[in-house]
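Engineer: Residue numbers (my numbering): 2 to 331.
Where a beta carbon is used, it is the ideal one built from N, C-alpha and C, also for glycine.
Just so it is clear, the structure is predicted and the values come from calculations on it, not from any experiment.
Next up is a structure, given as structure tokens.
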Ligand SMILES: *Cc1c(COP(=O)(O)O)cnc(C)c1O
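If you want it as structure tokens, here you go:
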């Protein structure tokens, strides 16, 4: 069975508007005088505010529905794009969302949190360290079960979600081909690993000579390389693909993490303004602004040849803009 069929045979619910546009960033490429830069507009996946989570959830939510879930439980940080997207798609599919967010209950609900609220998600604020989350989530799942709910846990990086990015890879290659563009690199923000895992599996399965570069948005997140490989292998297994994947395939760059997760640096701020004002495209402060700042630095450092084609995946995160409103225009 070919890969297209394998993807199309998996249970899936339609949540994203696909294919997303594929565009050349002509003015930005010209200003940087480097490779041609293209952008895959996954900020436009929808259903509300878009982003990469919508693609993943098409496969994950299909699984949840198949298993009879009436409540989906999603973890995240206070401004989690994952949690926000789960809150939205849950309503689209007629199930309830419980969001378990790490942090203190805020005075003002802004950005993603505002959207979580408007969609009526049940929000549990938990003061916990990352390693304590597993225990907390288990006890919440147990509590829901005792209440008679059929709950389904939606982690940020499920291998089934990575299938969404195998699918994105196929979509992207088709679009590039019809424009007569041969892609050399795909560059994207890497957080929990599923996006990169899916792209890697796609690249292997289609035998493409495309390098996938994840730009870590978090320092010291060295576990990410291993997680990405594990998710990629499991994703390949789900698709019944016999591809060889090793740690060498996972390229994650840690040079552009700036001052830490969610910290808006001058460079990210400049990048957001530059891309807005040269291309009419809005990046977010936490993920895509940082990854694009990284890409621009790499271009300035001479990482790419001038005749190469680089695709930046805009993974979304737009509600984050509003949380940083004061810092962005100061
Ligand atoms: C979640 C997220 C990412 C990272 O994707 P992973 O698959 O978790 O690596 C990148 N950009 C945005 C805007 C995100 O919300």
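1. Residue range of the beta strand (DSSP E) that residue 100 falls in?
2. What is the DSSP secondary structure of residue 85, reduced to helix, strand or coil?
3. Quick one: does the C-beta of residue 298 sit closer than 6 angstroms to a heavy atom of ligand 1?
4. Is it the case that the Cβ atoms of residue 199 and residue 167 are separated by a distance below 7 angstroms?
5. For residue 38, I'd like the list of residues in its chain whose CB is within less than 7 angstroms of its CB, leaving aside the five on either flank, ordered along the chain.
6. For residue 121, which three-state DSSP category applies?
7. Give the list of continuous alpha helix (DSSP H) stretches no shorter than 4 residues that lie fully inside the region 267 to 313.
8. For chain D, find out if any of its Cβ atoms is closer than 7 angstroms to the Cβ of residue 246; answer yes or no.
9. What is the rounded straight-line gap between the Cα of residue 171 and the Cα of residue 235?
10. Report yes if the C-beta of residue 288 is less than 6 angstroms from at least one heavy atom of ligand 1; otherwise report no.
11. How is residue 169 classed by DSSP in three states: helix, strand or coil?
12. Look at residue 52 and residue 318 and say whether their C-beta atoms are less than 7 angstroms apart.
13. Would DSSP call residue 324 helix, strand or coil?
14. Could you tell me whether the region 200 to 213 touches the region 94 to 105, using the rule of 3 or more Cβ pairs below 8 angstroms?
15. Got a sec? Which residues, its chain only, sit under 8 angstroms from residue 183 by beta carbon, not counting five neighbours each side?
16. Please state whether DSSP places residue 265 in a helix, a strand or coil.
17. Can the beta-carbon of residue 316 be found closer than 7 angstroms to that of residue 43?
18. Quick check on the burial criterion: 16 or more other C-beta atoms within 10 angstroms. Buried or exposed for residue 300?
19. With DSSP as the reference, identify every bridge partner of residue 215, one or two as the case may be.
20. Taking buried to mean at least 16 other C-beta atoms within 10 Å of its own C-beta, is residue 291 buried or exposed?
21. Excluding sequence positions up to five away, which residues of its chain have a Cβ less than 7 angstroms from the Cβ of residue 71?
22. For the pair the region 184 to 193 and the region 212 to 219, tell me if three or more CB-CB distances fall below 8 angstroms.
23. Taking residue 232 as the reference, give the member of 181, 256, 162 and 289 with the closest Cα.
24. If you draw a straight line from the alpha carbon of residue 331 to that of residue 266, how long is it in whole angstroms?
25. Return the chain-ordered list of same chain residues with a C-beta closer than 7 angstroms to the C-beta of residue 117, the five sequence neighbours on each side being excluded.
Structural biologist: Put simply:
1. 97 to 103
2. helix
3. no
4. yes
5. Closer than 7 angstroms at Cβ, skipping near neighbours: 26, 29, 30, 311 and 313.
6. coil
7. 267 to 280 and 289 to 301
8. The structure shown contains no chain D; it is built from a single protein chain.
9. Across the structure, residue 171 and residue 235 are spaced so that their CA atoms are roughly 19 angstroms apart.
10. yes
11. helix
12. yes
13. helix
14. The region 200 to 213, when compared against the region 94 to 105, does not touch it at the 8 angstroms Cβ threshold.
15. 177 and 310
16. coil
17. yes
18. Burial state of residue 300 is buried, judged by a 10 Å Cβ sphere holding 16 or more other Cβ atoms.
19. 189 and 253
20. buried
21. The residues are 96, 97, 150 and 151.
22. Result yes; three or more Cβ-Cβ pairs closer than 8 angstroms.
23. 162
24. 12 angstroms
25. 84, 85, 88, 100 and 124
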